[in-house]
Amino acid sequence: MVSLSWKHHTLIQALISRGPLKEREFYSIFTGVTGRNPGTVKKHFDKYLLEINKELSYVHFELKACRDQYDGQVCYGVVNNVSDDQSKLGTKYSVPQIAFFKGIIEAIAQDEAAQGCISGFDALNIRLENQISSEASSSQQQVPAAFKNFSMSQKEKTLDELVRDKWLCRTREGNIGLGIRSLLDLRSWFRNSAVPPCEVCNEAGVKADVCPSEGCAVRIHKYCLKQLLSQRDDKRCSGCGKQWPLGKVTKAEAVEEAMNDEEENETQATGPKSKRRRQHRSHEDPTENSASQASLASTSGANARRVTRSTAHLR
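Residues in the sequence shown are numbered from 1 upward in steps of one, following UniProt numbering.
Below, the structure is given as structure tokens:
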């Protein structure tokens, strides 16, 4: 049996107390604790994780990594390997709250379009009685009173709690999606619920691109598809043979896209200061001010073209 040091315990405690962490956050903690960067000493990092998992296995826990299907970033978290939902959520959430959560993840997972989310309105209108057996649901008297009395305000509060605890998330559009904790902890549930896996990484395709051919169930995560297309000039569906609609993406274009995003963020951050400097110069030299405005207009046009092109790749 491996004896864990205080460094191992610190890493475990960081994930338990904070919940799943993005790779860069977990790497930063690992570097602070061990003095080594996982990016340069991958074998040392993997050894730590192996030693931790040998000990966690005795209590049916495991330190795992997975990708957030909404942004493609790698995350690390401590996972409960016991399969029943009560053991995962029962320490904090009530029976009606667990039923509400199950109704939401079922609605998201069963979406044939694999959008990975439902609207907040649909989430709040999940019927808890659908989470009990068919025999019980046939008789109104057998529906638990806690289910019938679970109010809209209680649902709203539960949604906020589930998002805060990373079981659910809110997308940029304001919809309800699966949090990174669900993606880590519910892998076996996705398999048992027959959620089609990604053709590339074999993880559940909850948020994924679906083959455009009618009747074809093949799914590929967008980040997996971009990686695949950057390695090939042509990608056809392994199920039906038709070409995917995303188009061709090259490594050079992916680098350009990242640079454009960085330039855009930098421009937004420095915009007000630059504007004040230009206004100050306009009182000193009208000719120089005119030249600066022409240069700014030319640069803005070029940036707009670049942003438009990168946006087209994303879409």
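Glycine is no exception: its CB is placed at the ideal position from the N, C-alpha and C atoms. Note that the structure is a prediction, hence the values are computed from the model and not measured.
Contacting residues, own chain, Cβ-Cβ under 6 angstroms from residue i (five flanking each side not counted)
i    : result
N265 : In this prediction, N265 scores a pLDDT of 44, lower than 50, which makes its location untrustworthy; the coordinate-derived value is nonetheless stated afterwards. None.
I16  : V78
S213 : C240, K242
E23  : V74
V210 : A114, R219
Y27  : P38
V195 : A109, A204
S139 : Bear in mind that the predicted position of S139 carries a pLDDT of just 49, short of 50, making it too unreliable to give a figure here.
Own chain residues within Cβ distance below 8 angstroms of residue i, not counting five before or after
i    : result
I52  : L4, H8, L11, I12, L63
E156 : L124
C169 : Y70, V163, I176, G177, L178, G179, I180
M152 : L124
Limits of the unbroken beta strand (DSSP E) element including residue i
i    : result
L168 : 168-170
V200 : Note, V200: premise wrong, no beta strand (DSSP E); not H, not E.
L63  : 61-67
G77  : 74-80
Cut-off 7 angstroms between Cβ atoms - residues of its own chain near residue i, not counting five sequence neighbours on either side
i    : result
R36  : H44
Q97  : T158
H280 : Low local confidence applies: a pLDDT of 43 at H280 is under 50, so the model's placement there is unreliable, with the coordinate-based value given in what follows. Around H280: no qualifying Cβ.
L296 : Since pLDDT at L296 reaches only 31, below the 50 mark, its modelled position is unreliable, and the value read off the structure follows with that caveat. Around L296: no qualifying Cβ.
A312 : Only weak support exists for where A312 lies, its pLDDT of 34 falling under 50; the value from the coordinates is given anyway. Result list for A312: empty, nothing under 7 angstroms.
Residues bridged to residue i (per DSSP)
i    : result
L178 : L168
A114 : Bridge partners of A114: none, in fact.
Anticipated Cβ contact below 8 angstroms, residue i with residue j, distance rounded
i    : j    : result
C237 : H221 : C237 to H221, Cβ: 14 angstroms. No contact.
F101 : W167 : 7 angstroms
G32  : G120 : Not confirmed; about 38 angstroms, so no contact.
N- and C-terminal bounds of the alpha helix (DSSP H) containing residue i
i           : result
Y48         : 42-56
G205        : Where G205 is concerned, there is no enclosing alpha helix (DSSP H), given that its DSSP letter is neither H nor E.
residue 356 : Missing from the structure shown is residue 356; the chain here goes from 1 to 315 and no further.
K102        : 95-109
L15         : 6-18
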